[in-house]
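A.B. asks:
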Amino acid sequence: MSIGCKTDEGFLSLYRRFYSSPLGNVSIELLKELALEFWYGDLDIEKLINQELTSGRLTSLQARRAMYLVDRMISFPCLSRNKAKLLKDIVKLQGVGLKCTPPSRTAEQLFKEHKLDKKAFEWGLQDDITIQMKSLLEYQTRHFAAATGKKTGYSE
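The numbering of the sequence shown is the working numbering, which starts it at 11 and goes up by one.
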């Protein structure tokens, strides 16, 4: 079963579309393509993400959105342990500088009202992808993971 992006450029194009837009505007289809690459794809996305974040082209907000996605994706057991570890290392490294951005009053209020997820709040964001993630549940199951034939957190 062929899953995920076919090329590095394809992944980077999707990743850039994600972090360049308000998170509430991210389409389910875009998020699905990214999630499938994170969880089951064969590209070396750890390298691509690291290069993107160290390129100097991203604003602080874009970098925080980019890392929020990584942080969300690594919390699912369908990710292989090795890939999860490599991505967690990036989150730790980038988090040192980016997570020090204090949350806005709007973000604090949204978080208190349970309208903003904890990871988005921690990355200093005012919006999240919680609603869109609900549409990806079928791709997180053991059954789907087994059908891919890929090594996953479920199979390790």
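Ideal Cβ positions, reconstructed from N, Cα and C, are used throughout, including at glycine.
Mind checking residue 91: buried by the 16 CB within 10 Å criterion, or exposed?
C.D. replies: To locate residue 91, count along the sequence shown from 1; it is residue 81. Exposed, by the Cβ-count rule.
A.B. asks: According to the neighbour-count rule (16 or more other Cβ atoms, all chains shown, within 10 Å of its Cβ), is residue 120 buried or exposed?
C.D. replies: One-based indexing of the sequence shown puts residue 120 at position 110. Residue 120 comes out buried.
A.B. asks: Look at the alpha carbon of residue 85 and the alpha carbon of residue 148, and state the distance between them as a whole number of angstroms.
C.D. replies: Against the sequence shown, residue 85 aligns to sequence position 75. Against the sequence shown, residue 148 aligns to sequence position 138. Approximately 16 Å between the Cα atoms of the pair.
A.B. asks: For the alpha helix (DSSP H) holding residue 125, just list the boundary residues, first then last.
C.D. replies: Here residue 125 refers to the residue found at position 115 of the sequence shown. Note, residue 125: premise wrong, no alpha helix (DSSP H); not H, not E.
A.B. asks: May I have the straight-line CA-CA distance separating residue 131 from residue 29, to the nearest angstrom?
C.D. replies: Counted from its first residue, the sequence shown places residue 131 at position 121. Counted from its first residue, the sequence shown places residue 29 at position 19. Between residue 131 and residue 29, the C-alpha separation is close to 16 Å.
A.B. asks: I'd like the span of the alpha helix (DSSP H) that includes residue 133, first residue to last.
C.D. replies: In the sequence shown, counting from the first residue as 1, residue 133 sits at position 123. It is not in any alpha helix (DSSP H) - residue 133 carries neither H nor E in the DSSP assignment.
A.B. asks: Check the C-beta distance from residue 25 over to residue 158 and give it rounded, since I have them as a contact under 8 Å.
C.D. replies: For the purposes of this step, residue 25 is taken as the residue at position 15 of the sequence shown. For the purposes of this step, residue 158 is taken as the residue at position 148 of the sequence shown. With a Cβ gap of about 21 Å, residue 25 and residue 158 do not count as contacting.
A.B. asks: In terms of residue numbering, what span does the alpha helix (DSSP H) encompassing residue 184 cover?
C.D. replies: Residue 184 lies beyond the stretch modelled for the chain, which goes from 11 to 166, so this question has no answer here.
A.B. asks: What residue from 165, 138, 163 has the CA that sits closest to residue 78's CA?
C.D. replies: Numbered from 1 along the sequence shown, position 68 holds the residue referred to as residue 78. That would be 138, whose Cα lies nearest to the Cα of residue 78.
A.B. asks: Return the chain-ordered ranges of every alpha helix (DSSP H) run that is complete within the stretch 39 to 67 and spans a minimum of 4 residues.
C.D. replies: Segments of the alpha helix (DSSP H) lying fully in the stretch 39 to 67: 55 to 63.
A.B. asks: Return the chain-ordered list of same chain residues with a C-beta closer than 7 Å to the C-beta of residue 140, the five sequence neighbours on each side being excluded.
C.D. replies: Within the sequence shown, residue 140 is the residue found at index 130, counting from 1. Correct list, in chain order: 127.
A.B. asks: Please state the DSSP three-state secondary structure of residue 36.
C.D. replies: Sequence index remark: in the sequence shown, residue 36 carries index 26 (1-based). Note: residue 36 maps to coil in three-state DSSP.
A.B. asks: Could you check which residue in 19, 43, 21 has the C-alpha nearest to that of residue 142?
C.D. replies: Along the sequence shown, read from residue 1 onward, the residue named residue 142 stands at position 132. Nearest C-alpha to residue 142: 43.
A.B. asks: Once DSSP output is grouped into helix, strand and coil, what is the label at residue 86?
C.D. replies: Here residue 86 refers to the residue found at position 76 of the sequence shown. The answer is coil: DSSP assigns residue 86 none of H, G, I, E or B.
A.B. asks: Rounded to the nearest angstrom, how far is the Cβ of residue 56 from that of residue 96, given a contact under 8 Å?
C.D. replies: Counted from its first residue, the sequence shown places residue 56 at position 46. Counted from its first residue, the sequence shown places residue 96 at position 86. Contact flag correct, Cβ pair sits at about 4 Å.
A.B. asks: Given this structure, state the Cα-to-Cα distance separating residue 104 from residue 81, to the nearest angstrom.
C.D. replies: Locating residue 104 in the sequence shown gives position 94, where the first residue counts as 1. Locating residue 81 in the sequence shown gives position 71, where the first residue counts as 1. When rounded, the distance between both Cα atoms is 11 Å.
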